[in-house]
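Peer 1: Below is one structure. I have some questions about it.
There are 2 protein chains.
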Amino acid sequence: METTWAHQLREVGLRVTRPRLSVLDVLAGHPHADADTIVTGARAQHPTLSPQTVYGVLDALVSAGLARRIEPAGAPALFELRVGDNHHHLVCRSCGAVADVDCAVGAAPCLSPSDAAGFVVDEAEVVFWGLCRDCQVSAGAQAPAQSVQIHEHGIRGGARA
Amino acid sequence: METTWAHQLREVGLRVTRPRLSVLDVLAGHPHADADTIVTGARAQHPTLSPQTVYGVLDALVSAGLARRIEPAGAPALFELRVGDNHHHLVCRSCGAVADVDCAVGAAPCLSPSDAAGFVVDEAEVVFWGLCRDCQVSAGAQAPAQSVQIHEHGIRGGARA
DNA sequence: CCTGTTTTCTTGAACGAGTCAAGATAAGGA
DNA sequence: TCCTTATCTTGACTCGTTCAAGAAAACAGG
Chain G
950 METTWAHQLR EVGLRVTRPR LSVLDVLAGH PHADADTIVT GARAQHPTLS
1000 PQTVYGVLDA LVSAGLARRI EPAGAPALFE LRVGDNHHHL VCRSCGAVAD
1050 VDCAVGAAPC LSPSDAAGFV VDEAEVVFWG LCRDCQVSAG AQAPAQSVQI
1100 HEHGIRGGAR A
Chain L
950 METTWAHQLR EVGLRVTRPR LSVLDVLAGH PHADADTIVT GARAQHPTLS
1000 PQTVYGVLDA LVSAGLARRI EPAGAPALFE LRVGDNHHHL VCRSCGAVAD
1050 VDCAVGAAPC LSPSDAAGFV VDEAEVVFWG LCRDCQVSAG AQAPAQSVQI
1100 HEHGIRGGAR A
């Protein structure tokens, strides 16, 4: 599918280069990859790729609108190719796993604040925090102490249901 | 008001110390302060206070449930004393200003994902992104190019226009 | 197909925010 | 007042990310 990537790059005015194709390829296989995962993955096709180059590529892709950057609190930034459909995310407090959720409300901003305090709002970013299926299992199977800890602090320090 | 702070600290099992009282005091005056602001502010009452101590104090307050940590993408963590009422935030893409929004939906998690993908969700974190009143004014008054840049990319995307 | 211009990549250094660890200090119960 | 333990202090250090300068590669034009 590299032809498609090349097309997409040209459409937004970016040159078609090996690092960019590699990064896009990794991103297609890892829907929510962090920079490090992308570096490692892209090196399969381009062994000399440096982290700085990947950061540059990602910035270019995000600026061009081909990728989106998400930054769950307390974790390194993640990148995804799914853009323009205003979806949201589920994040596991325990392992950091991320899943997409379609926005049930509609186009962005899908929600409106009750009182905008003079702000002009263009996007409502929603992050659902919880435990993924795997971590529910391990929390139940292992020491109860761990599940308590998770509930009390979580990734961000302050899971106040 | 320090009596109240001392009480609250004791109620959650924390010792009453000068650094903690100073930090609480700053937090009361700056509803969304970052660590640096807190260090600077708290030094008015306790000049030798170090950043590490403030981080320690903040961790203790957050763990004890007296404070909450919020981390808007692309900005250092902010701390607030308003806890337990499940409110959300408005963040200005241009200057980073933060305002509180009461949750219109109810107790946490105020929203439910349309498809939880096996996750057990305990909190829906909502961040409304936009422009605060002041930045709307300056964006309108200054070069139109800037307002375009803001709308296209914002704080988080690496404005490369 | 070759050439020139411009983008992009590479390399290496640097930065900010936050964390870790060990010893000194102070809070609060006995 | 004394003792135990929590807390603060000091300093080094990590991680994720950004900055800068020169080398390499893309692609438009001839």
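First to last, the sequence lines map onto chains G and L.
Here the first sequence is numbered in our numbering, starting from 950 and rising by one per residue.
Here the second sequence is numbered in our numbering, starting from 950 and rising by one per residue.
Backbone N, C-alpha and C fix where the C-beta goes; we use that ideal spot for every residue, glycine too.
It should be emphasised that the depicted structure is a prediction, and the values quoted were computed from it without experimental measurement.
#1: Tell me, please, whether the CB atom of residue 1062(L) is closer than 8 Å to any CB atom in chain G?
#2: Which whole-angstrom value describes the C-beta separation of residue 1009(G) and residue 976(G), a residue pair presumed to lie in contact below a C-beta threshold of 8 Å?
#3: Over the uninterrupted beta strand (DSSP E) stretch that includes residue 1073(G), give me the two end residues.
#4: Can you tell me the Cα-Cα spacing of residue 994(L) and residue 1025(L), whole angstroms?
#5: What three-state label does DSSP hand residue 1083(L) in the structure shown?
#6: Can you name the residues of chain G whose CB is closer than 9 Å to the CB of residue 1076(L)?
#7: Along the chain, where does the beta strand (DSSP E) containing residue 1049(G) start, and where does it finish?
#8: With 8 Å as the C-beta to C-beta threshold (strictly closer), list the residues of the region 995-1022 of chain G near chain L in chain order.
#9: Decide if residue 981(L) is buried, meaning its Cβ has at least 16 other Cβ atoms within 10 Å, or exposed.
#10: Using 8 Å as the limit for Cβ to Cβ distance, is residue 983(L) near chain G?
#11: Can you give me the start and stop residues for the alpha helix (DSSP H) that residue 973(G) sits inside?
#12: Quick check on this structure: which residue in 1051(G), 1043(G), 1056(G), 1077(G) has the alpha carbon closest to the alpha carbon of residue 1089(G)?
#13: Which same chain residues end up closer than 6 Å to residue 1067(L) when comparing Cβ atoms and leaving out the 5 residues on each side of it in sequence?
#14: Measure the beta-carbon distance from residue 972(L) to residue 1011(L) and round it to whole angstroms, keeping in mind my assumption that it falls under 8 Å.
#15: Just the Cα atoms here: how many angstroms apart are residue 1084(L) and residue 1065(G)?
#16: Check for me: the alpha helix (DSSP H) holding residue 935(G) runs from which residue to which?
#17: Does the beta-carbon of residue 1072(L) have 16 or more other beta-carbons within 10 angstroms, so that it is buried, or is it exposed?
#18: Output the distance between the C-alpha atoms of residue 958(L) and residue 1027(L), rounded to the nearest integer angstrom.
#19: Mark residue 1053(L) as exposed unless 16 or more other C-beta atoms lie within 10 angstroms of its C-beta, in which case mark it buried.
#20: Do you know how far the Cα of residue 1075(L) is from the Cα of residue 989(L)?
#21: By a C-beta neighbour count over all protein chains shown, 10 Å radius and 16 as the cutoff for buried, is residue 1079(G) buried or exposed?
#22: Find the residues of chain G that neighbour residue 991(L), judging by a C-beta separation of less than 7 Å, and give them in chain order.
#23: For a cutoff of 8 Å on Cβ pairs, would you count residue 974(G) as touching chain L?
#24: Less than 8 Å between CB atoms is the rule here; does residue 1094(G) satisfy it with respect to chain L?
#25: Apart from the five residues just before and just after residue 954(G), which ones in its own chain have a Cβ nearer than 6 Å to its Cβ?
#26: Return helix, strand or coil for residue 1042(L), following the three-state DSSP convention.
#27: For residue 1037(L), list the residues DSSP reports as bridge partners.
Peer 2: So, from the data block:
#1: Translated into the one-based positions of the second sequence, residue 1062(L) becomes position 113. At least one beta carbon of chain G lies nearer than 8 Å to the beta carbon of residue 1062(L).
#2: Position 60 of the first sequence, counted from the first residue, corresponds to residue 1009(G). Position 27 of the first sequence, counted from the first residue, corresponds to residue 976(G). About 13 Å separates the CB atoms of residue 1009(G) and residue 976(G); that is not less than 8 Å, and the two are not in contact.
#3: To locate residue 1073(G), count along the first sequence from 1; it is residue 124. Residue range 1069-1080 is occupied by the beta strand (DSSP E) that includes residue 1073(G).
#4: Position 45 of the second sequence, counting from 1, holds the residue named residue 994(L). Position 76 of the second sequence, counting from 1, holds the residue named residue 1025(L). Spanning the two alpha carbons is a distance of roughly 24 Å.
#5: Reading the second sequence from its first residue, position 134 is the one you call residue 1083(L). In this structure, residue 1083(L) counts as helix in the three-state DSSP scheme.
#6: Within the second sequence, the letter at position 127 stands for residue 1076(L). Within 9 Å Cβ-Cβ: 1072, 1073, 1074, 1075, 1076.
#7: Position 100 of the first sequence, counting from 1, holds the residue named residue 1049(G). From DSSP, the beta strand (DSSP E) with residue 1049(G) extends over 1047-1050.
#8: Residues 1008, 1009, 1011, 1012, 1018, 1019, 1020, 1022.
#9: Along the second sequence, read from residue 1 onward, the residue named residue 981(L) stands at position 32. That one is buried.
#10: Translated into the one-based positions of the second sequence, residue 983(L) becomes position 34. By the rule that beta-carbons nearer than 8 Å mark a contact, residue 983(L) does not touch chain G.
#11: By 1-based counting over the first sequence, the position of residue 973(G) is 24. Looking at the DSSP string, the run of the alpha helix (DSSP H) that includes residue 973(G) is 967-978.
#12: Here residue 1089(G) refers to the residue found at position 140 of the first sequence. The option with the nearest alpha carbon to residue 1089(G) is 1043(G).
#13: The count along the second sequence starts at 1 and reaches residue 1067(L) at position 118. Taking C-beta separations shorter than 6 Å and ignoring five residues to either side along the sequence, residue 1067(L) has no partners in its chain.
#14: As a working mapping, residue 972(L) is identified with position 23 in the second sequence. As a working mapping, residue 1011(L) is identified with position 62 in the second sequence. Not really, about 11 Å apart at Cβ, beyond 8 Å.
#15: Here residue 1084(L) refers to the residue found at position 135 of the second sequence. Here residue 1065(G) refers to the residue found at position 116 of the first sequence. Using only the alpha carbons, I get a separation of about 14 Å.
#16: Look at the range of chain G in this structure, 950 to 1110, and you will see that residue 935(G) is not part of it.
#17: Along the second sequence, one-based indexing puts residue 1072(L) at 123. Buried, since its Cβ has 16 or more Cβ neighbours within 10 Å.
#18: By 1-based counting over the second sequence, the position of residue 958(L) is 9. By 1-based counting over the second sequence, the position of residue 1027(L) is 78. Going by C-alpha positions, residue 958(L) is about 20 Å away from residue 1027(L).
#19: Within the second sequence, numbered from 1, the residue matching residue 1053(L) stands at position 104. By the C-beta density criterion, residue 1053(L) is exposed, having fewer than 16 other C-beta atoms within 10 angstroms.
#20: Within the second sequence, the letter at position 40 stands for residue 989(L). Within the second sequence, the letter at position 126 stands for residue 1075(L). Whole-angstrom Cα-Cα distance: 29 Å.
#21: Against the first sequence, residue 1079(G) aligns to sequence position 130. The residue is buried, with at least 16 neighbouring Cβ atoms inside 10 Å.
#22: The residue you call residue 991(L) lines up with position 42 of the second sequence. Result: empty, since nearest Cβ-Cβ is about 19 Å, beyond 7 Å.
#23: Here residue 974(G) refers to the residue found at position 25 when the first sequence is read from its first residue. Using a CB distance cut-off of 8 Å, residue 974(G) does not count as an interface residue toward chain L.
#24: Locating residue 1094(G) in the first sequence gives position 145, counting from the first residue. Any reading at residue 1094(G) must be qualified, since the residue scores a pLDDT of 39, below 50, and its modelled position is unreliable; no value is offered.
#25: As a first step, residue 954(G) is located in the first sequence; it is residue number 5 there, counting from the start. Apart from the 5 residues on each side of it in sequence, residue 954(G) sits with its Cβ closer than 6 Å to the Cβ of 970, 973 in its chain, given in chain order.
#26: Your numbering for residue 1042(L) matches position 93 in the second sequence. Residue 1042(L) carries a coil assignment under DSSP once its states are collapsed to helix, strand and coil.
#27: Translated into positions along the second sequence, residue 1037(L) becomes position 88. Note: residue 1037(L) sits in a beta bridge opposite 1050(L).
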